[in-house]
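Student: First, the structure itself, so that you have it in front of you.
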Amino acid sequence: MRDHVLWSLPWPIRIVVGSIIYRSQVSTLQGQGTGRFTPQEIGHFRREIWSSFADLLLESKSKSKSQSQSQSAEPQQPFWVLAGPSPTEVDTTLFGFVVSTLICTAGPASQADLKSFPVLVEYAHRIQQRYFPDYEALPA
1 MRDHVLWSLP WPIRIVVGSI IYRSQVSTLQ GQGTGRFTPQ EIGHFRREIW SSFADLLLES
61 KSKSKSQSQS QSAEPQQPFW VLAGPSPTEV DTTLFGFVVS TLICTAGPAS QADLKSFPVL
121 VEYAHRIQQR YFPDYEALPA
């Protein structure tokens with residue numbers, strides 16, 4: 001990642017600045033307590049979080065389906081985390097996290113975990129199709 005973020009710096013300076021940034025981030029994560037978990041524990045937390053949101057979305061999707069059967073709504077309409085008629089702050093936050101995880105190549109484990117929950121990917125695709133159709137399509 002250093003070569004992507006610090007590309008404008010000359011190579012020797014890029015190494016030094018990258019090392020300083022890395023040490024600062026590690027120190028911050030240790031201070032917060034996040035850096036004290038093992039990679040396996042972090043992976044478990046990540047899967048648990050994605051699973052919780054996937055469960056919420058599955059419930060919301062089923063409610064949305066039953067409502068759309070009673071009304072003649074479009075089948076590809078977005079469904080919202082809190083199962084309301086319109087998006088909330090939760091939806092904007094979750095959409096941002098899902099899209100950034102799908103697009104960023106720095107976290108292949110996060111991408112794999114996210115893609116194991118198809119409802120999360122479908123959620124992001126529906127929102128993008130509805131509100132951001134002119135953007136490049138999200139990866140599947």
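Going left to right, the sequence shown walks through residues 1 to 140 as our numbering numbers them. Ideal placement from N, C-alpha and C gives every residue a C-beta, glycine not left out. All of these numbers come straight from a predicted model, not from anything done at the bench.
1) Might you give, ordered along the chain, the residues of its own chain that have their beta carbon closer than 7 Å to the beta carbon of I127, omitting 5 neighbours on each side?
2) Decide yes or no for the touch test of the stretch 90-107 against the stretch 117-124: beta carbon pairs closer than 8 Å, at least 3 of them.
3) Hey, P139 and I103: beta-carbon distance below 9 Å or not?
4) State yes or no: is the C-beta of Q76 within less than 9 Å of the C-beta of Q129?
5) Just checking my contact of A83 with K63 at CB under 8 Å: how many whole Å lie between their CB atoms?
6) Runs of 4 residues minimum, wholly inside the stretch 2-70: which ones carry the alpha helix (DSSP H) assignment?
Tutor: The relevant details are as follows:
1) Start at 1 with the first residue of the sequence shown, and residue 127 comes out as number 127. So the list reads P78 and F95, once near-sequence residues are dropped.
2) yes
3) Counted from its first residue, the sequence shown places residue 139 at position 139. Counted from its first residue, the sequence shown places residue 103 at position 103. Cβ atoms of P139 and I103: closer than 9 Å.
4) To locate residue 76, count along the sequence shown from 1; it is residue 76. To locate residue 129, count along the sequence shown from 1; it is residue 129. In this structure, Q129 lies closer than 9 Å to Q76 by Cβ.
5) By 1-based counting over the sequence shown, the position of residue 83 is 83. By 1-based counting over the sequence shown, the position of residue 63 is 63. Indeed they touch by this definition, with Cβ atoms about 5 Å apart.
6) 2-5, 11-32 and 39-70
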